[in-house]
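S.K.: For the sequence shown, the numbering used here assigns the number 236 to the initial residue and increments by one for each residue that follows.
Cβ coordinates follow ideal geometry from the N, Cα and C atoms, glycine included.
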Amino acid sequence: MSITIEVQDGPATEEAVVEIVEDVNDAAEYAIGLGCGDDNPYQ
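#1: Going straight from the alpha carbon of ASP261 to that of GLN243, what length do you get?
#2: Taking Cβ positions, are ILE238 and VAL259 nearer each other than 9 Å?
#3: DSSP three-state call for ILE238: helix, strand or coil?
This is how it looks when you write it as structure tokens:
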């Protein structure tokens, strides 16, 4: 799965995109963790 975000270049914009990607990654890790049972590394 890949997420492509097209935005105008700028330091503030880049930082916002990084935060969005981190949030998406956290959500994905949480979702993966729900399927891992007792071996869930994300708890």
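M.R.: This is what the structure holds:
#1: Residue numbering aside, residue 261 sits at position 26 when the sequence shown is read from its first letter. Residue numbering aside, residue 243 sits at position 8 when the sequence shown is read from its first letter. Within the model, the alpha-carbon separation for ASP261 versus GLN243 is close to 25 Å.
#2: For the purposes of this step, residue 238 is taken as the residue at position 3 of the sequence shown. For the purposes of this step, residue 259 is taken as the residue at position 24 of the sequence shown. Yes; because the gap between Cβ atoms is below 9 Å, this pair is in contact.
#3: One-based indexing of the sequence shown puts residue 238 at position 3. Three-state DSSP puts ILE238 in coil, outside helix and strand.
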